[in-house]
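Residue numbering for the sequence shown follows our numbering, beginning at 1 and increasing consecutively.
Each residue gets a CB set at the ideal place from its N, CA and C atoms; glycine is no exception.
Computed from a predicted model, the values in this text were never measured in an experiment.
Notes for the one structure printed next.
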Amino acid sequence: MTTVDMKRLRNVVLAGHSDSGKTTLAEHLLFTAGAITRLGKVTDGTASLDFEPEEHKRKQSLSLALATMEHDGHEITIIDTPGYADFAAEVVEGFEAADAALITMDASGGVEAGTERAAALGRAHGTAAIFVITRCERENADPGAALDALRAAFGNKIAPLHLAIGKGEAFKGYVDLVHRKAWVWEKGKRAEVEIPAELASEVARRRDQLLEAAAEADDEVLTKYLDGQEISDAELDACLHRGVRDSILAPVMVTAAGHDIGIEGVLDAIARYLPSPDEEKPIKAFDAKGGAIEVEQKADGPLLARVFKTAADPFVGRLTYFRVFSGKIASHDHIWNAERGEEERIGQVLRVKGKDTEPVGVISAGEIGAVAKLVVTHTGDALSSRDKPFKMPPIEFPQPSLPVAIEPQTKADLDKMGAALTRLLEEDAGVHVERQTETGEQLLWAQGDSHVAVVIERLKRKFSAAVVTHSPRIPYRETIRTKTQVEGRHKKQSGGRGQFGHIWLEIEPNPAAGVEFATRIVGGSVPRQFWAGVEKGVRDVADKGPIAGYPVIDFKATLYDGSFHPVDSDELSFRLAGQLATRNGIQESSPVLLEPIMDVEVQVPEAYMGDVNRDLNTRRGRVLGMDSSNGTQVVRAHVPQAELFNYSTELRSLSGGRGVFTQKLDHYEEVPPHVAQKVIDAHQKEEA
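What follows is the structure, encoded as C-alpha cells:
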C-alpha cells in the first residue's frame, strides 16, 4: 500500500536560468505550506535547499536538493536544481525523478538560455510544465512583456493563468484569469478586490489566449470556443489539467516571492493542474531477456525504481536518491540491481528535506526517497526484484567539454586522490576523469570553469584530497617528410671487453602506416641476433622524438648494412647504434611537428552563426559545412586541439549561454612554423 494515495502525489522539478529565483520560490513554497518554520534567504546562506558550503560561498545553487511538503491534502515534493549551465547534469537528474516542472523566468529579462534548456529538457522527457514569472516587484520588471516573450519563444501553447496588477515596484497582485478574480497583497495580507477597470480589456484579451490554448485539450470545449459559446470555470479547470498533463499547453503565473505574492497560487496550481504519478505514461524498461516492456506506475505492481542522484554525505557516507515507479521499497528489504547483477540490502529508507533526512518505513510508487550506504548501485541504475528484474535506458547527461590536468598537491594527497576521484564521479555525473596515455597526465573533464572550481573545492572539503590544476599538454606527434641514409656507430673501450655496434639505416616516410622496421642485410654484415637490438633502438627514439620529445610516427627504418666485432658486439651495442642512427636520420629527413585536429560540431541559434564562424577562424579552424537541426544551426569544423581548451567558456559567452559543442579526434596535421617553434622552444627550456 502507498503511504499517500498516488492521486495526491506531485513530484515537481524547479528549473530555469541562473538567478531567476528558483531556490527563493522553493523556500517560500515550503514556508507557506508549513514544511519549514523559518524563512531562509539565498543571500544569507540560510535557504533550506542551499546547504553546501560552496553554495553559501557563491550564493547560488550548485546541486540538486529536494524537500516534501503538504498542501490541501496533497504531498508535494519539490526538486530544486541549479540554473548555471556548468551544473546541467543536476537538472537532468531532477527531470528524471519528476512528473512535472515549474520553469522560472525573471520578470525583468527575456527568455534566457537556462529557460530554453529547461523547456528543452521538459520536451525531451515529456514533462508537464508551468512557467512562473518571478521577481515581478523589482525595478525594470515587466510581467506582461515577459509573458509575450515566452509566447514569442514557445508559441501559443503558452497560456496566461494570471494577469499582473502593476509592474516593478507598483506590482501588488494579479487577476486569476480562470476564475476572473483579482487578488492584491497589502502589508503581507492577501485580499480579493474588484478587477481594476483599466485592466478589463487586457483581462479579456489574456483570458482569450488562455481559452484558445486550453480548448485544444477537449474537442467539445474547442467546439464551444470556436462557436463563441461561454466556457464555464469548471470546464476550463478540467481542460487546464488535461492540457498541462498532456503537454498541450503550459500555463504562466506571476509571483514576487520576496513580498509573498502569488505563493498560495503556485501551490494551488501544482495541486490542481500538474499530473499525479498514476496519470503518467508507463515506464519504458527491459526485462531479464533484454526485451522492451512498459511498466505501469502503480503501488501493487512489480518493483521498479531508479537511482537519479548519488551524494556524499559527511555523516552517513554515500546517500542514494531514488524514485519508485512501481511497487515499494521498505526498510531492510533486499532488492536486485540488474545492471550490476548483484543484490543490495536496503537499510533504513529515508525522506529528504534539504540536508536533513527522516526515517520512514516504506517508499511506495510515485514517491521519492533515499537510502544510505548502498554498495554497488550508481546513478542511473534500476532497482527491482531478483525474480522480476528490470533495467532502464541510461540517463543521457551532457558531455563535459572543458579539460584540465590535475595533480595532487602533496604526497599525502596522492594517496587519497584515487579514492576521492572515484567518489566524486559517483556524486557528479557531469564530470569525467581519464588518464592521457600520450602525456601521462590525469585529465578532469568538466562543464566549465565554475564547475572545475567547485569540483576542486569539494575534493578537498569532502574527500580531503587537495589537487592543483593546469592546462593539459597537447599530445603532439613528430614525423618526417624526406628520405635519407644514415650511419650509426657505437664504440666503447674501457679495458676488458668493450662495446661495438655499427649500422647503416635507410629512413623514409611511411604515411599512415605507423613505425615500421625492416632489414635488407646482405652477406651477414650485421648478424641476425643483433637485428632485434637495432629495432629496439629505432623504437626508443620513436617514443621520444628529437624535435620536441613527442612520439615520432609514420616512418620506416630499414637496416641495410653495418659491421660487428666478434668479441665486443652485443645486442645492447647495436641498440645504442640504432638510437644514434635513428636520431640523426630523423633530423636529416625534414622533421615536422604534428598536432591533433579535432572534428568539432557546434550547435547554436542562427543569430550567433556569424560570431561563431569568426571565432573558429581565429582558432585556426576550417569550417566544413553548416546544417540545421531542431531549430538551431550546426557548424562542423576542423580545429586544432590546442585552440579548444577554453572553447566551452568562450562559446557560452559568444552565444548567450545557448551554444554547445562536441569534439573528437579526426587526424594529425603539420603545425604552422611559428606555432611549432614555440613548442620546440618550450621543450628545449624544459630539457635544460
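Q) By DSSP, does Ala89 sit in helix, in strand, or in coil? A) Locating residue 89 in the sequence shown gives position 89, where the first residue counts as 1. Reduced to three states, the DSSP call for Ala89 is helix.
Q: Determine the extent of the beta strand (DSSP E) in which Thr310 is found, giving its start and end residues.
A: Here residue 310 refers to the residue found at position 310 when the sequence shown is read from its first residue. Where Thr310 is concerned, the enclosing beta strand (DSSP E) stretches over Leu304 to Asp313.
Q) By Cβ distance below 6 Å, which residues in the same chain neighbour Glu342 in space, the five residues on each side in sequence not counted? A) Start at 1 with the first residue of the sequence shown, and residue 342 comes out as number 342. Around Glu342: Val376.
**Q.** Expected contact under 8 Å - CB spacing of Glu75 and Val4 to nearest Å
**A.** On the sequence shown, residue 75 is found 75 positions in, with the first residue counted as 1. On the sequence shown, residue 4 is found 4 positions in, with the first residue counted as 1. Going by Cβ atoms, the distance from Glu75 to Val4 rounds to 5 Å, so yes, they are a contact pair.
**Q.** Contact belief for Gln447 with Pro403 at Cβ below 8 Å, rounded distance in angstroms
**A.** Translated into the one-based positions of the sequence shown, residue 447 becomes position 447. Translated into the one-based positions of the sequence shown, residue 403 becomes position 403. About 11 Å separates the two Cβ atoms, so there is no contact after all.
Q: Could you tell me if Phe315 is buried or exposed, where buried requires 16 or more neighbouring beta carbons within 10 angstroms of its beta carbon?
A: On the sequence shown, residue 315 is found 315 positions in, with the first residue counted as 1. It counts as exposed.
Q | Nearest-angstrom Cβ-Cβ length linking His638 and Gly562, presumed shorter than 8 Å | A | By 1-based counting over the sequence shown, the position of residue 638 is 638. By 1-based counting over the sequence shown, the position of residue 562 is 562. Not confirmed; about 43 Å, so no contact.
Q | Beta-carbon proximity list for Lys462, same chain, < 6 Å, skipping 5 on both sides | A | Taking the first residue of the sequence shown as 1, we reach residue 462 at position 462. Result list for Lys462: Ala312, in chain order.
Q. Who are the Cβ neighbours of Glu438 in its own chain at under 6 Å, not counting the five residues just before and after it?
A. Here the question's residue 438 lines up with position 438 in the sequence shown. Here the set comprises Pro475.
Q. In its own chain, which residues sit with a C-beta less than 6 Å from the C-beta of Glu407, not counting the 5 before and 5 after it?
A. Indexing the sequence shown from 1 puts residue 407 at position 407. Result list for Glu407: Val468, in chain order.
Q. Could you give the distance in angstroms between the alpha-carbon of Arg58 and the alpha-carbon of Leu147?
A. Here residue 58 corresponds to residue number 58 of the sequence shown, with the count starting at 1. Here residue 147 corresponds to residue number 147 of the sequence shown, with the count starting at 1. Approximately 30 Å between the Cα atoms of the pair.
Q.
I'd like to know whether the C-beta atoms of Leu443 and Pro472 end up nearer to each other than 8 Å.
A. Reading the sequence shown from its first residue, position 443 is the one you call residue 443. Reading the sequence shown from its first residue, position 472 is the one you call residue 472. Their beta carbons are under 8 Å apart, which means Leu443 touches Pro472 by this criterion.
Q. Roughly how far, in whole angstroms, is the beta-carbon of Val671 from the beta-carbon of Glu595, given that I think they are within contact range, below 8 Å?
A. Numbered from 1 along the sequence shown, position 671 holds the residue referred to as residue 671. Numbered from 1 along the sequence shown, position 595 holds the residue referred to as residue 595. Sure, about 5 Å apart at Cβ, within 8 Å.
Q) Taking the DSSP output, what are the residues bridged to Ser628? A) Within the sequence shown, residue 628 is the residue found at index 628, counting from 1. In DSSP, Ser628 forms a bridge with Gln633.
Q. Quick one: is Val482 buried, meaning 16 or more other Cβ sit within 10 Å of its Cβ, or exposed?
A. The residue labelled residue 482 in the question sits at position 482 within the sequence shown. Going by the sequence as given, residue 482 is Thr instead of Val. Thr482 is exposed by the Cβ-count criterion.
Q: Could you spell out the range, first to last residue, of the beta strand (DSSP E) harbouring Ile293?
A: Counted from its first residue, the sequence shown places residue 293 at position 293. Its beta strand (DSSP E) spans residues Ala292 to Val295.
Q | Contacting residues, own chain, Cβ-Cβ under 6 Å from Gly657 (five flanking each side not counted) | A | As a working note, residue 657 is residue 657 in the sequence shown. The answer, listed in chain order, is Ala85 and Ala113.
Q: Can you have a look at Ile691 and say buried or exposed, based on whether 16 or more other CB atoms are within 10 angstroms of its CB?
A: Within the shown structure, residues of the chain are numbered from 1 to 688, placing residue 691 beyond reach of any answer.
Q | Under the three-state DSSP convention, the category Lys181 falls into | A | Residue mapping note: residue 181 aligns to position 181 of the sequence shown, counting from 1. If DSSP states are grouped into helix, strand and coil, Lys181 belongs with the strands.
(Q) Considering only the alpha carbon of each residue, which of Thr24, Asp50 and Ile248 lies closest to Ala129? (A) Along the sequence shown, one-based indexing puts residue 129 at 129. Looking at the Cα atoms, Ile248 is the closest of the given residues.
Q. How long is the line joining the alpha carbons of Lys157 and Ile103, rounded to whole angstroms?
A. The sequence position of residue 157 within the sequence shown is 157, counting from 1. The sequence position of residue 103 within the sequence shown is 103, counting from 1. C-alpha separation (whole angstroms): 15 Å.
(Q) Which runs of the beta strand (DSSP E) at least 3 residues long sit entirely within the stretch 316-360? Give them in chain order. (A) 317-326, 328-330, 334-337, 342-345, 349-353 and 356-360
Q: Could you check if Thr618 is buried or exposed, using at least 16 other CB atoms within 10 Å of its CB as the buried criterion?
A: Translated into the one-based positions of the sequence shown, residue 618 becomes position 618. Thr618 is exposed by the Cβ-count criterion.
Q: Below 8 Å on the Cβ atoms is my guess for Arg323 versus Ile368; work out the distance and round it to an integer in Å.
A: As a working mapping, residue 323 is identified with position 323 in the sequence shown. As a working mapping, residue 368 is identified with position 368 in the sequence shown. Correct: roughly 5 Å between the Cβ atoms.
**Q.** His674 classed as buried or exposed, judged by whether at least 16 other C-beta atoms fall within 10 angstroms
**A.** The residue labelled residue 674 in the question sits at position 674 within the sequence shown. Under this definition His674 is an exposed residue.
Q) What residue from Val602, Glu220, Thr115 and Arg245 has the CA that sits closest to Glu235's CA? A) Indexing the sequence shown from 1 puts residue 235 at position 235. Nearest of Val602, Glu220, Thr115 and Arg245 to Glu235, Cα basis: Glu220.
(Q) Is it the case that the stretch 197-205 contacts the stretch 282-295, given that we only count it when at least three CB pairs across the two stretches are under 8 Å? (A) no
Q: Return the chain-ordered list of same chain residues with a C-beta closer than 6 Å to the C-beta of Val175, the five sequence neighbours on each side being excluded.
A: Along the sequence shown, read from residue 1 onward, the residue named residue 175 stands at position 175. Counting only Cβ-Cβ distances below 6 Å, and skipping sequence neighbours, we find Leu163, Ala182, Ile195 and Val203.
Q: For Met676, collect the residues of the same chain with a Cβ closer than 6 Å to its Cβ; drop the 5 residues on either side in sequence, then sort them by chain order.
A: Here residue 676 corresponds to residue number 676 of the sequence shown, with the count starting at 1. According to the sequence shown, residue 676 is Ala rather than Met. So the qualifying residues of the chain are Leu593.
Q. Between Gly621 and the rest of its own chain, which residues show a CB-CB distance below 8 Å, the 5 nearest in sequence each way excluded?
A. To locate residue 621, count along the sequence shown from 1; it is residue 621. Taken in chain order, the residues that qualify are Val600, Ala637, His638, Val639, Pro640 and Glu643.
Q.
According to DSSP, simplified to helix, strand and coil, what is His17?
A. Counted from its first residue, the sequence shown places residue 17 at position 17. In the structure shown, His17 sits in coil (DSSP, three-state: anything other than H, G, I, E or B).
Q) Any idea if Arg706 is buried or exposed, counting beta-carbon neighbours within 10 angstroms, 16 or more meaning buried? A) There is no way to answer for residue 706, as the model of the chain reaches only from 1 to 688.
**Q.** Cβ contact check for the stretch 352-368 and the stretch 298-310: 3 or more pairs under 8 Å
**A.** yes
Q: Please determine if the stretch 553-560 and the stretch 488-501 are in contact, where contact requires at least 3 C-beta pairs separated by less than 8 Å.
A: no
Q | Ranges of the beta strand (DSSP E) found wholly within the stretch 44-82, counting only runs of at least 3 | A | 65-71 and 74-80
Q) How about Glu650 and Asp611: are their beta carbons less than 8 Å apart? A) Translated into positions along the sequence shown, residue 650 becomes position 650. Translated into positions along the sequence shown, residue 611 becomes position 611. No, the pair does not count as a contact, with Cβ atoms beyond the cut-off.
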